[in-house]
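Per the numbering used here, the very first residue in the sequence shown carries number 6; after that it's consecutive.
Here a beta-carbon is modelled for each residue, glycine too, at the ideal position from N, C-alpha and C.
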Amino acid sequence: MTLSAEEYHDHLKTTAVRAGFAFGDVVLPGEHDVSVGQLRFRYLDWGTKGLRPILFLHGGALTAHTWDLCCLALRDEFHCVALDQRGHGDTDWAPDADYSIGAQREDIRGFADRLGFDRFVLVGQSMGAINGLAFAVTHPERLSALVMIDAGPEVRRRGSSRIREFVNGGAKPETLEEIIERALAFNPRRDRQILRRLADDLANVTCPALVVRGAESDVFHQDDAERLAKNFPDGRQVAVAQAGHTVQGDNPKDLVAALREFLN
Numbered sequence: 006m007t008l009s010a011e012e013y014h015d016h017l018k019t020t021a022v023r024a025g026f027a028f029g030d031v032v033l034p035g036e037h038d039v040s041v042g043q044l045r046f047r048y049l050d051w052g053t054k055g056l057r058p059i060l061f062l063h064g065g066a067l068t069a070h071t072w073d074l075c076c077l078a079l080r081d082e083f084h085c086v087a088l089d090q091r092g093h094g095d096t097d098w099a100p101d102a103d104y105s106i107g108a109q110r111e112d113i114r115g116f117a118d119r120l121g122f123d124r125f126v127l128v129g130q131s132m133g134a135i136n137g138l139a140f141a142v143t144h145p146e147r148l149s150a151l152v153m154i155d156a157g158p159e160v161r162r163r164g165s166s167r168i169r170e171f172v173n174g175g176a177k178p179e180t181l182e183e184i185i186e187r188a189l190a191f192n193p194r195r196d197r198q199i200l201r202r203l204a205d206d207l208a209n210v211t212c213p214a215l216v217v218r219g220a221e222s223d224v225f226h227q228d229d230a231e232r233l234a235k236n237f238p239d240g241r242q243v244a245v246a247q248a249g250h251t252v253q254g255d256n257p258k259d260l261v262a263a264l265r266e267f268l269n
């Protein structure tokens, strides 16, 4: 962030009002670094320690700050932490250029270990949702709940041209399909195998799982969301109105309401 603390506070206060929130007080998160493997990860800790932890994972070309309003709204009920994933925000780039799903899954495991998180809630959007699913499939005992926002093992290509424009200077984040193809260019064998297995291993995810779709998303369709939710042992699905692919940015208030209903 290039904003001062005062500017950041004013920004949050203004955007919260625009999003329909009415916070009694706007607090800023703690910004911290932690080493996982060879990389230094930056994360935002919104508090409150001792409460049920939630780890938020952003989508491609975004950062932990995409969750600011969601974390601010939920911080009195949960210990909210938002991570800059490898190669994003203020976290290190991978020196070996490994941005595969497998590598990012292990980042989640190492990060959770460093913070002492166990039986935590994992919330991910787009790329973060797929990384979160890979973690949930491999380490189901570590989670108390999983939330996947506008992404699944199968994502349609429709909308990819519009989203590609964001990566090249446009207005929206890249699609999951593009993220996957970019990652495959670095590590094709391992990621391809992991991606194929994810759809087959959903039965391993024994915690409650919520599939969230932006009702106006052209990346993740309603049929895709319903099918994914049905394939989890304890899955459910919700569509957030007035939201496209980046649900937490388009309609954070209704997303928070859906998260609160699911988790409580």
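Hey, could you find the ends of the beta strand (DSSP E) residue 49 is sitting in? Along the sequence shown, one-based indexing puts residue 49 at 44. Here the beta strand (DSSP E) through residue 49 covers 44 to 52.
Quick one: complete alpha helix (DSSP H) runs, 4+ long, within the region 36 to 110? 73 to 79
For residue 73, which residues from the same chain have a beta carbon less than 7 Å from its beta carbon, with the 5 sequence-adjacent residues on both sides left out? For the purposes of this step, residue 73 is taken as the residue at position 68 of the sequence shown. Answer for residue 73: 17, listed in chain order.
Which runs of the beta strand (DSSP E), 3 residues or longer, sit entirely within the region 194 to 240? 214 to 219
Evaluate residue 261 with the Cβ neighbour count: other Cβ atoms within 10 Å of its Cβ, from every protein chain shown; 16 or more gives buried, anything less gives exposed. Along the sequence shown, one-based indexing puts residue 261 at 256. Classification for residue 261: buried.
Check for me: the alpha helix (DSSP H) holding residue 137 runs from which residue to which? Here residue 137 is taken as the residue at index 132 of the sequence shown, counted from 1. That run of the alpha helix (DSSP H) goes 132 to 143.
By Cβ distance below 7 Å, which residues in the same chain neighbour residue 14 in space, the five residues on each side in sequence not counted? Translated into the one-based positions of the sequence shown, residue 14 becomes position 9. Here the set comprises 31 and 33.
Thinking C-beta only, is residue 86 closer than 8 Å to residue 123? The count along the sequence shown starts at 1 and reaches residue 123 at position 118. The count along the sequence shown starts at 1 and reaches residue 86 at position 81. Not a contact, by the Cβ cut-off of 8 Å.
Determine the burial state of residue 234: buried for a count of at least 16 other Cβ atoms within 10 Å of its Cβ, exposed for fewer. Start at 1 with the first residue of the sequence shown, and residue 234 comes out as number 229. It is buried - the Cβ of residue 234 has at least 16 other Cβ atoms within 10 Å.
Please report the Cβ distance between residue 133 and residue 64, rounded to the nearest whole angstrom; I am assuming they are in contact, meaning their Cβ atoms lie under 8 Å. Taking the first residue of the sequence shown as position 1, residue 133 is located at position 128. Taking the first residue of the sequence shown as position 1, residue 64 is located at position 59. Indeed they touch by this definition, with Cβ atoms about 6 Å apart.
If contacts are defined as beta-carbon pairs under 8 Å, then residue 26 and residue 56 qualify, I think. What distance do you get, rounded to the angstrom? For this step, residue 26 is matched to residue 21 along the sequence shown. For this step, residue 56 is matched to residue 51 along the sequence shown. At roughly 19 Å, the Cβ-Cβ gap does not stay under 8 Å, so residue 26 and residue 56 are not in contact.
Can you find the residues in the same chain that come closer than 7 Å, C-beta to C-beta, to residue 92, ignoring five residues on each side of it along the sequence? Locating residue 92 in the sequence shown gives position 87, counting from the first residue. Once the five neighbours on either side are set aside, the close Cβ partners of residue 92 are 98, 99 and 104.
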